[in-house]
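Please read the structure below before turning to the comments.
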Amino acid sequence: MTEVLIAVAGALAETRMHTAALVHVLTVEQNRASLTVEMGQEEEGSLPYLISLTHIMRMHKCGESDLYRLVKLTLVLYPAFSQTWFTRPKTKQLRYEERGRGGDYDRSGFGRFDRGGSSRWSDKSDEDDWSKPLPPSERLEQELFSGSNTGINFEKYDDIPVEATGSNCPPHIESFSDVDMGEIIMGNIELTRYTRPTPVQKHAIPIIKEKRDLMACAQTGSGKTAAFLLPILSQIYADGPGDALRAMKENGRYGRRKQYPISLVLAPTRELAVQIYEEARKFAYRSRVRPCVVYGGADIGQQIRDLERGCHLLVATPGRLVDMMERGKIGLDFCKYLVLDEADRMLDMGFEPQIRRIVEQDTMPPKGVRHTMMFSATFPKEIQMLARDFLDEYIFLAVGRVGSTSENITQKVVWVEESDKRSFLLDLLNATGKDSLTLVFVETKKGADALEDFLYHEGYACTSIHGDRSQRDREEALHQFRSGKSPILVATAVAARGLDISNVKHVINFDLPSDIEEYVHRIGRTGRVGNLGLATSFFNERNINITKDLLDLLVEAKQEVPSWLENMAYEQHHKGGGSRGRSKSSRFSGGFGARDYRTSSGSGSSSFSSSRSTSSRSGGSSSRGFGGGGYGGFYNSDGYGGNYNSQGVDWWGN
C-alpha cells in the first residue's frame with residue numbers, strides 16, 4: 001500500500017500530476033495505510049511521509065505548486081525513497097500492476113483492491129500493447145470464476161437449427177479455437193470452463209470477427225451474451241484504445257474527465273445490464289479494458305465516480321445513458337461497437353426515443369463506420385425498421401429454441417377460478433418440494449406484494465420483485481432466491497426476461513399474461529440449456545384472448561392439450577373471435593423465433609446448419625420448443641432442488 005503512495009508521489013514530482021490525483025489516492029488508501037502501520041509492515045521513514053501529505057491534504061488548502069514543492073522536499077529529506085522506488089528495474093515496477101485502474105473497493109478495475117480492468121502503473125514497454133495479458137490475481141480469479149457452471153448436456157444443443165441470411169456469410173465455427181481471439185480471451189474461456197460454443201456463438205462469433213453487422217433472433221439464455229462479448233473484446237485487445245484514450249487524457253482534470261467508451265451495450269432492464277457487466281468482467285480479466293455499468297434506480301453519483309476511473313466497455317439502460325450524456329460524462333465519438341440486447345423488450349418498454357437519441361442524434365459514428373449488433377427474441381415490424389435504420393448490410397441469424405420442450409419443459413395448463421388460485425398454488429408448492437426454486441408470475445405489483453404476504457403467513461420462505469421496489473431490494477431478493485434462502489420468488493413481468501437464474505425448476509403463471517410472447521419468455525426461465533423443468537399456468541375466463549395462440553404453441557411443442565382448451569379455441573374460431581396476438585406462423589414457424597423479412601423479396605443468400613439431419617429448415621410444426629441456457633451455456637446440476645425427474649411419479653401423476 002505504501003508503495004502505491006510513494007509511486008504516486010514520484011509521479012507527481014516527475015510529471016506535475018494534478019493535485020486531485022494525489023488527493024484521490026490518499027483518501028482511498030490512508031485508512032488501510034494506518035492499519036498496515038499498526039501491523040508493523042511499514043518501511044522505516046514512510047510513516048512521517050504519509051502523515052505529512054495527509055496533514056497537508058486535510059488541514060491546509062494548498063495549491064498544486066505548494067504540494068509539488070512539498071513532495072520535492074520530502075524526496076530530499078527521505079532520499080531512500082527515490083533510490084528505492086523511483087529507480088527500480090521495470091520488473092519491480094510491475095508490482096504497481098497490483099493496483100487497479102484508479103481503483104476503489106467496488107466492482108470495477110483489476111488488481112489487489114479491485115475487480116477488473118487495467119493498471120495505471122504499467123510497464124511502459126507494454127503500455128501500448130493491449131493484446132498482452134496483465135499479471136494474474138488469485139483473489140480476483142477466485143471471485144470471478146469460482147461460480148462458473150459446468151455439467152451441460154450439449155446433446156440438447158445439437159438439435160437446434162440455425163439459419164443465416166445475407167451476402168457472404170462467414171462460415172460457422174465448431175470450436176473456440178477455430179477463430180483467433182487472442183491470448184487473453186482464450187485464457188478466460190478456459191477459466192469459465194466453456195468447452196465448446198453454443199449454436200448462437202458458433203455463428204455470431206465469426207460474423208462479428210469479420211466486422212459484419214448482425215441482427216440475431218435468439219432467446220435469452222442461449223449464450224448470446226458471450227456471443228457478442230468475446231469477439232468485441234478480442235477486437236479491442238487487438239486494436240488497442242485508439243483515439244478514445246487520447247481524447248480522455250486531453251479532456252479535463254483527473255476525476256472530472258469525460259469518458260469515451262469503445263463499445264456500448266444497451267439493455268432494457270437493470271438486472272440484465274448487471275448480468276452483462278458481470279460477464280464482461282470475466283472476459284476482461286487480465287486485460288487493460290475496464291467495463292462499467294450504469295442504470296436507473298441507483299445512486300448516480302456513485303456511477304459517475306465509477307465512470308471517472310475509466311470506461312472502455314459500457315453497459316447501460318437507455319434512460320440512464322441519456323442522462324449521463326446530457327451531464328457531459330459520456331461521449332460516443334469513438335464508439336466502434338454498438339450492441340442492442342433484447343431490442344424488442346426495449347421497444348415494448350418505450351425506449352425507442354432514447355435509443356434513437358443515442359444512436360442518431362449525438363456524436364456516435366454512423367452505420368458503416370461503427371459495428372452494430374441487434375439481438376431480439378422476436379422481430380415485429382418496429383424491430384425491422386430499427387434494423388433498417390441502424391444496421392449496414394447485415395446478416396440475419398435465426399437460432400432455433402434450445403432443446404425440445406417435450407423433453408425439457410413440461411407445460412401444464414389448468415383451469416383455476418380466480419377465487420381458487422391461492423389454495424391451488426399451495427397444493428403445487430407442497431408437491432414441488434421446499435428446496436426447488438419456484439418462480440411465480442403475477443400481473444400487478446400490488447398482487448406480487450399480496451401474494452408474498454400470503455405465502456409468508458403460510459410458512460413459506462419467499463420474496464418478491466417488481467418495478468416499485470428499490471434497486472437494493474431487488475438485488476437482495478434475487479440473491480435470496482438464487483442462493484435458495486428464499487426458494488420462492490413472486491415476480492411481475494420485470495423479472496420475466498433477461499434474468500440468468502439457471503436452476504429454476506418450476507415456473508407458475510399465477511396470472512397468465514395477455515400476450516403469448518410474454519408467456520414464452522416467462523416459461524423460458526426453466527428448462528434452460530437442456531435441463532428439465534416444469535411450467536404450470538392457471539387459466540380461466542379472463543384469459544380467453546390468448547386461447548388460440550396458447551393452443552397453437554402447445555401443439556407445436558408437442559405438449560398435452562386439455563380438451564376444454566381445444567373446445568374453447570374451436571368455439572372462438574367459429575364465432576369469428578381470435579387472439580390479439582400475431583399469427584403463429586409469424587412467430588413460431590419451423591422452430592425459429594423469426595424470419596429475415598428481406599427474404600420475402602428474394603434478396604440475400606442463405607446458409608442453414610444443424611448438426612442433426614432431422615432438423616427442419618422451415619414450415620410446418622416443430623418439436624423444438626422454448627427455454628434457454630445460462631451465459632455461455634453452463635449449468636450446475638448440483639444446485640438447489642436437484643433435477644426434475646420426468647420418469648418418476650410427480651404431482652401430475654406422470
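Residue numbering for the sequence shown follows UniProt numbering, beginning at 1 and increasing consecutively. Note that beta-carbon positions come from the ideal geometry of N, C-alpha and C, so glycine has one too. In this text the structure is predicted, and so the values were computed from the model without any measurement.
In summary, P241 is buried, with 16 or more beta-carbon neighbours lying within 10 Å of its beta-carbon over all protein chains present.
When beta bridges are read from the DSSP output, Q259 appears opposite I330. H506 is bridged by DSSP to T438 and L534. When the five nearest sequence neighbours on each side are left out, the beta carbons in the same chain lying within less than 7 Å of the beta carbon of M349 are those of P268, in order along the chain.
The beta carbons of E475 and S464 sit about 13 Å from each other, so the pair does not count as a contact at 8 Å. According to DSSP, K367 shares a beta bridge with R370. Nearest to I208 by alpha-carbon distance, out of R196, L191 and A226, is A226. Across the set P353, P487 and K446, the C-alpha of P487 shows the shortest separation from the C-alpha of G459.
Judged by DSSP secondary structure, E556 falls within the alpha helix (DSSP H) whose first and last residues are T547 to E556. Looking at the DSSP output, S464 bridges to V490. Restricting attention to R356, W564, E279 and H479, the CA atom closest to the CA of G319 is found in R356. Below 8 Å, enough C-beta pairs join the region 180 to 195 and the region 134 to 149 to call them touching: three or more. Sorting E541, A493 and R542 by C-alpha distance to the C-alpha of V520 places A493 at the top.
Under the three-state reduction of DSSP, E458 is assigned to coil, being neither helix nor strand. For F145, the enclosing alpha helix (DSSP H) begins and ends at E138 to F145.
If you draw a straight line from the Cα of V179 to the Cα of I173, it comes to about 7 Å.
Assigned with DSSP and collapsed to three states, A316 falls in strand. With respect to the 9 Å criterion, T317 and G296 are classified as neighbours on the basis of their beta carbons.
Taking all protein chains in view, the Cβ of W564 is surrounded by fewer than 16 other Cβ atoms within 10 Å, so the residue is classified as exposed.
Only residues of its own chain outside the window of five on either side were considered, and among them K258, Q259, I304, L307 and E308 have a CB closer than 8 Å to the CB of K329, listed in chain order. Put simply, the backbone Cα of D323 is about 49 Å away from that of M568.
Comparing alpha-carbon positions, the option among F396, I232 and S222 lying closest to I184 turns out to be I232. Each residue's CA atom was taken as its position, placing L332 and L266 some 13 Å apart. T363 sits exposed, since fewer than 16 C-beta atoms from the chains shown fall within 10 Å of its C-beta. When the beta-carbon positions are compared, D213 and M373 come within less than 9 Å of each other. When the beta-carbon positions are compared, Q411 and L554 come within less than 9 Å of each other. Distance check between D392 and each of A398, Q384 and V399 places Q384 closest, using alpha-carbon atoms only. Annotation for L428: the continuous alpha helix (DSSP H) segment containing it runs K421 to T432.
Where F283 is concerned, the enclosing alpha helix (DSSP H) starts and stops at R270 to F283.
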